[in-house]
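What follows is a short report on a single structure.
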Amino acid sequence: QPVSLLDTLRRHKTSGQKSLAVLLDPDKVEQDALIALLQRANTHPIDFFLVGGSLVTDYRHAEVISTLRAYSPVPVVLFPGNSLHIEPTADAILFLSLISGRNPEFLIGQHVIAAPLLKKSGLEVLPTGYMLVDSGAQTTVSYISGTMPLPADKPSVAACTAMAGEMLGLQLMYLDAGSGARRPVSPDMIAAVRSVVDVPIIVGGGINSGEKAYNALKAGADLIVVGNGIEQDPDLLPQLSAVVREINQSVLQA
Ligand code: 1GP
């Protein structure tokens with residue numbers, strides 16, 4: 016029986032342990048750079064890999080996942096943009112309902128199409144309330160999904176959205192400023208969501224320094240997702256990994 020990632024995330028949330036996920040965009044990832052990253056991850060651990068994105072032009076999910084499998088025991092979670100992005104060789108899938116938006120296609124439509132495929136796939140399905148947060152510029156995901164992001168300076172709107180998502184039965188909340196966001200989700204917004212829901216909180220988009228990672232985790236994120244930051248500067252991995260480990264050490268010692 017494989018370990019349930021949802022159980023792991025819930026357990027970590029309860030004990031205050033934080034995690035780091037690296038997002039790999041299958042369009043951009045290069046084999047040599049990926050292998051180098053995986054070797055670095057032996058000394059600077061990563062807890063999860065996310066594979067995907069809102070717009071994928073070269074469907075290389077299987078190839079990327081097979082490299083991950085060859086070099087790393089770290090669980091692989093799909094981060095799909097739509098119902099075409101299902102790759103059964105991953106461990107799990109973020110089954111994202113775009114609750115910050117009002118486009119039925121991304122709230123439930125794509126899910127209906129994906130459901131029978133997911134049932135057969137053996138993937139662990141992680142029901143996730145996905146909240147896009149305005150980052151000052153239009154992101155690919157906002158354009159592709161045809162939705163307006165949550166206003167960045169309205170933590171209470173995010174909090175009510177997350178509450179509703181939890182009441183609807185969603186098991187994780189993902190606050191995303193979008194890939195390459197100039198401004199990450201504010202600690203105030205993360206804290207506002209943290210104060211009203213019990214489910215683990217994922218935060219991503221524009222986290223490109225140890226300080227931003229620390230601020231997100233301290234505000235209440237359980238799992239941070241970093242894509243562009245590490246892609247552009249692989250030396251960021253040791254810093255981010257250290258931030259997560261230091262918080263976890265202090266939790267263990269408390
Ligand atoms: C985007 O949350 C992810 O959906 C990661 O964003 O590439 O900016 O780290 P970055």
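Per UniProt numbering, the sequence shown starts with residue 16, numbered consecutively.
Every residue gets a Cβ at the ideal spot worked out from N, C-alpha and C, and that includes glycine.
The stretch 131-151 and the stretch 183-195 touch, with three or more beta-carbon pairs separated by less than 8 Å.
Tyr74 carries a coil assignment under DSSP once its states are collapsed to helix, strand and coil. Excluding the 5 residues flanking it on each side, Leu252 has same chain C-beta neighbours closer than 8 Å at Val37, Leu52, Arg55, Ala56, His59, Ile61 and Ile245, in chain order. Ser194 has its alpha-carbon roughly 9 Å from the corresponding atom of Val241. Taken from the Cβ of Gly31, every heavy atom of ligand 1 lies 7 Å or farther away. Relative to ligand 1, the nearest heavy atom lies less than 7 Å away from the CB of Ser194. CA-to-CA, the gap between Arg209 and Gly31 works out to about 12 Å. When secondary structure is reduced to three states using DSSP, Asp191 falls in the strand class.
Closest by C-alpha distance to Ile222, out of Asp213, Leu133 and Ala236, is Ala236. Nearest in C-alpha terms to Asn118, of all of Thr176, Ser160, Leu65 and Ile80, is Ser160.
For Asn243, the Cβ falls inside the 7 Å cut-off from some heavy atom of ligand 1. Exclusion of the five residues before and after Pro164 leaves Ser115, Leu147, Val148, Asp149 and Ser157 as the residues of its chain whose Cβ lies within less than 7 Å of its Cβ. When secondary structure is reduced to three states using DSSP, Met204 falls in the helix class. Where Glu139 is concerned, the enclosing beta strand (DSSP E) starts and stops at Glu139 to Leu147. Look at Gly221: its beta carbon is less than 7 Å from one of the heavy atoms in ligand 1.
For the alpha helix (DSSP H) assignment, the uninterrupted runs of no fewer than 4 residues enclosed by the stretch 204-243 are, from N- to C-terminal side, 225-234.
Under the DSSP assignment, Gly67 falls in the beta strand (DSSP E) whose first and last residues are Phe63 to Gly67.
Residue pairing by DSSP places Ser34 opposite Leu238 in a beta bridge. When the Cα atoms are used, Leu21 and Ser265 turn out to be separated by approximately 24 Å. CA-CA distance, Phe63 to Ala173, rounds to 25 Å. The three-state secondary structure of Val89, taken from DSSP, is coil. Between Pro202 and Asn230, the gap from beta carbon to beta carbon is short of 8 Å. CA-CA distance, Thr72 to Ala269, rounds to 47 Å.
Sixteen is the threshold: since fewer than 16 other Cβ atoms of the shown chains lie within 10 Å of the Cβ of Ser171, the residue is exposed.
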